[in-house]
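Participant: Residue numbers (the working numbering): 114 to 529. For every residue, glycine included, the Cβ atom is placed at its ideal position computed from N, Cα and C. All values reported here derive from a predicted model rather than from experimental measurement. Dropping a structure here in structure tokens format, bear with me for questions.
This is the structure:
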């Protein structure tokens, strides 16, 4: 049966991860079914990890929690977030973050939505490939013009500060959005590379929005290393640098839907004003509980546990991938994803969608690479996409699920 469109409404596409999960559900996928492996998931293991602090299993609701929280977020939590950035990244710097530099939001997408709604009259650069949810975010708001910036596999999906400056000046960019570490490639701007980007933000007066949701998932660095542009900001209120992060990945509490925006006071005032009509503020009981998670020793222990555990899973996945006709343009330096090139597979499964559909038949979920070709408003022809022959594999699930998933992928390849 076909349905007529409801007057005044448009068809809204699902993000890549939601699309593949919907298709998997049609094949009777269940997260509790041991025969399935979800290598498409965008969340980390939420259970206990060796060396990690105990998991929070209950949240007591105070009588005051029945009230609205302020649109900026609870003052105590905002200050705890500011303290974390100062202690971790700004030792020895005179310019320090305060609660006025922090807004609490109801999850990462909402934080980015607040920011997007507060932008006016800008050319906004975004990268290819990048996080699937950016596409619709960059489509619906009219305050900016989204302009794609191609990251080349020959350059390990990175862009030098000098090339970035050329793009900013040549395209008239006044805002840039990037995930760092990158979802899906796992590449990381850090150290002098990241310092160079922040310096160009200052010198070109171009605002940079760093999505740092995977900033604790860093490999091949000193244990406990956390990556952030906050380390290279000179003046927190004059440098046009905005950071978005949350409890979702780095604290492993995706269901809490607690995130934050860190940036100049003027930006925080704007995104908080946006919240007054857009969402009304984040969940008050979970904000209050989140205050407890910002003890320095808690964060240190959780970060070390994440890095130790996910390094093992990364190594396992890397070995399995290299033993199959799959190619990695660049091994992930951060996040928990592999950006897999399918060019060496037989023609019938070389396309990411075909590969995804065949994987479903073997009870494993992957995400076709085309969804990371961020294409706001479908202004570019999909047939010209560079990512048809790619997919993203997640090592967010448990090692046991990774084994099931890679065995399933191996069966798919052997079929052809």
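1) Measuring CB atoms only, is the stretch 130–143 touching the stretch 331–341, in the sense that at least three cross pairs come out at less than 8 Å?
2) If you count every other CB in all the chains shown that lies within 10 Å of the CB of residue 179, and 16 or more means buried, which is it?
3) Hey, which unbroken runs of the alpha helix (DSSP H) at 4 residues or more fall wholly within the stretch 287–325?
4) Measure the beta-carbon distance from residue 519 to residue 433 and round it to whole angstroms, keeping in mind my assumption that it falls under 8 Å.
5) From the DSSP output, in three-state form, read off residue 519 for me.
6) In its own chain, which residues sit with a C-beta less than 7 Å from the C-beta of residue 287, not counting the 5 before and 5 after it?
7) Please report the Cβ distance between residue 293 and residue 324, rounded to the nearest whole angstrom; I am assuming they are in contact, meaning their Cβ atoms lie under 8 Å.
8) To the nearest angstrom, how far is the alpha carbon of residue 345 from that of residue 457?
9) Using the Cα positions of residue 167 and residue 245, report the straight-line distance between them to the nearest angstrom.
10) Could you tell me the boundaries of the alpha helix (DSSP H) in which residue 239 lies?
11) Report yes if the CB atom of residue 423 is closer than 7 Å to the CB atom of residue 449, and no otherwise.
12) Let me know the secondary structure DSSP gives residue 389 once reduced to three states.
13) Could you tell me whether the Cβ atoms of residue 365 and residue 120 are closer together than 7 Å?
14) Take residue 303 and list the residues in its own chain whose beta-carbon comes closer than 7 Å to its own, dropping the five residues that flank it on each side.
15) Mind checking residue 190: buried by the 16 CB within 10 Å criterion, or exposed?
16) Counting Cβ pairs closer than 8 Å, one from the stretch 192–210 and one from the stretch 405–420, do we hit at least three?
17) Rounded to whole angstroms, what is the Cα-Cα separation between residue 414 and residue 481?
Facilitator: Result, derived from the coordinates:
1) As far as the Cβ criterion goes, the stretch 130–143 does not touch the stretch 331–341, which means the pair count is below three.
2) By the neighbour-count definition (other C-beta atoms within 10 Å, threshold 16), residue 179 is an exposed residue.
3) Complete alpha helix (DSSP H) runs here, min 4: 304–317.
4) Yes, they are in contact, since the Cβ atoms of residue 519 and residue 433 sit about 4 Å apart, within 8 Å.
5) If DSSP states are grouped into helix, strand and coil, residue 519 belongs with the helices.
6) 235, 236, 319, 320, listed in sequence order.
7) Yes, residue 293 and residue 324 are in contact; Cβ-Cβ is about 7 Å, under 8 Å.
8) So the alpha carbons of these two residues sit roughly 41 Å apart.
9) Spanning the two alpha carbons is a distance of roughly 32 Å.
10) Per DSSP, residue 239 is not a residue of any alpha helix (DSSP H); the beta strand (DSSP E) it occupies stretches across 235–241.
11) If you check the CB distance, residue 423 and residue 449 come in under 7 Å.
12) Helix.
13) Against a cut-off of 7 Å, the Cβ pair of residue 120 and residue 365 comes out as no contact.
14) Around residue 303: 340.
15) Buried, because 16 or more other Cβ atoms sit within 10 Å of the Cβ of residue 190.
16) Short answer: they touch.
17) Distance between residue 414 and residue 481, taken at the CA atoms: about 35 Å.
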